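Chemist:
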Amino acid sequence: MNSKRSRIRRAAAVTAAAATALVLAACGTADDGPAGHGGHTATSPSAPAAASQGRHNAADVAFAKGMIPHHRQAVRMAGLAPGRAGSAEVRELAEDIRKAQGPEIGTLSGWLTSWGEEVPAEGAADHSAHGADGMMTAGQMDALEDSSGAAFDTAFLEMMIEHHEGAVAMARTERADGAYGPAKKMADAIIASQTAEIARMNKLLGRD
Numbered sequence: 001m002n003s004k005r006s007r008i009r010r011a012a013a014v015t016a017a018a019a020t021a022l023v024l025a026a027c028g029t030a031d032d033g034p035a036g037h038g039g040h041t042a043t044s045p046s047a048p049a050a051a052s053q054g055r056h057n058a059a060d061v062a063f064a065k066g067m068i069p070h071h072r073q074a075v076r077m078a079g080l081a082p083g084r085a086g087s088a089e090v091r092e093l094a095e096d097i098r099k100a101q102g103p104e105i106g107t108l109s110g111w112l113t114s115w116g117e118e119v120p121a122e123g124a125a126d127h128s129a130h131g132a133d134g135m136m137t138a139g140q141m142d143a144l145e146d147s148s149g150a151a152f153d154t155a156f157l158e159m160m161i162e163h164h165e166g167a168v169a170m171a172r173t174e175r176a177d178g179a180y181g182p183a184k185k186m187a188d189a190i191i192a193s194q195t196a197e198i199a200r201m202n203k204l205l206g207r208d
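Per full-length UniProt numbering, the very first residue in the sequence shown carries number 1; after that it's consecutive.
1) Among all the DSSP beta bridges, which residues are the ones paired with G149?
2) Please name the residue, chosen from A150, R91, E95 and L112, that lies closest to M67 on a Cα-to-Cα basis.
3) Return the chain-ordered list of same chain residues with a C-beta closer than 8 Å to the C-beta of M159, the five sequence neighbours on each side being excluded.
4) Roughly how many whole angstroms lie between the Cα atoms of L205 and S87?
5) Write down every uninterrupted run of the alpha helix (DSSP H) in the UniProt domain "DUF305" (60-205) whose length is 4 residues or greater and which is fully enclosed by it, in chain order.
6) For T173 and E89, I'd like the C-alpha separation in whole angstroms.
7) Does the distance from the CB of R91 to the CB of A85 come in under 7 Å?
8) Taking 7 Å as the limit between beta carbons, can you name the residues of its chain near R98, skipping five residues before and five after?
9) Between D153, G123, P182 and F152, which has its C-alpha nearest H71's C-alpha?
10) May I have the straight-line CA-CA distance separating I198 from E162, to the nearest angstrom?
11) If you count every other CB in all the chains shown that lies within 10 Å of the CB of G134, and 16 or more means buried, which is it?
12) From A81 to Q73, what distance separates their C-alpha atoms?
13) Going by Cα to Cα distance, which pick from A192, K65 and S193 is closest to E118?
14) Less than 6 Å between C-beta atoms, sequence neighbours within five positions excluded: which residues of the same chain meet that for G102?
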């Protein structure tokens with residue numbers, strides 16, 4: 001009789017242990033599940049954010065394609081100053097322009113490549129399709145190259161003011177119509193820096 005009760009108790013204990021193990025296993029699975037999904041959930045908000053940041057539209061493409069040749073011409077103009085400018089202030093301004101716009105050309109080109117768009121070729125002549133206002137004609141560039149001293153300084157400043165005004169207009173269009181965050185941020189920087197440089201150039205021309 002006692003042996004029979006012992007067997008019953010052992011069977012009940014085994015059953016209880018098995019039930020406990022099942023409960024613990026279920027709890028463990030439940031805990032692991034949310035933790036695992038929690039890891040994905042923690043990263044999932046960044047996926048839409050990344051997609052949002054990577055989204056671009058036609059205005060962004062037009063901005064990049066227009067600003068690349070625009071910047072290239074400004075860098076070319078600035079590159080003439082060291083050997084032609086009569087004023088140290090003009091040489092310093094030209095170097096500031098070169099340092100600012102050179103790296104932006106690389107950034108803009110990288111965006112176009114990542115979007116599957118063609119980067120404007122070096123020396124492309126017709127930029128009007130991209131709305132690149134303020135671009136100098138070939139004749140104006142030749143005249144600038146042929147000048148020196150005070151004549152170069154005046155021509156450079158007057159041409160660069162017009163050039164900067166075109167860039168600011170393009171940047172404002174990007175701010176209004178663009179969708180790509182980094183491009184809109186660059187547009188803000190262009191507006192701020194080139195507006196300040198326009199004021200600086202007007203002062204050098206005695207127009208302030």
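Ideal Cβ positions, reconstructed from N, Cα and C, are used throughout, including at glycine.
The structure presented is a predicted model; accordingly, all values stated were derived computationally and were not measured.
Modeler: Taking the definition as stated:
1) Answer is A85.
2) L112
3) Here the set comprises M77, M136, Q140 and L144.
4) 11 Å
5) 88-114, 138-145, 149-177 and 181-204
6) Taking the straight line from one Cα to the other gives about 31 Å.
7) Yes, Cβ-Cβ distance for R91 and A85 is below 7 Å.
8) Result list for R98: V75, A78 and G79, in chain order.
9) G123
10) 9 Å
11) buried
12) 13 Å
13) K65
14) V75.
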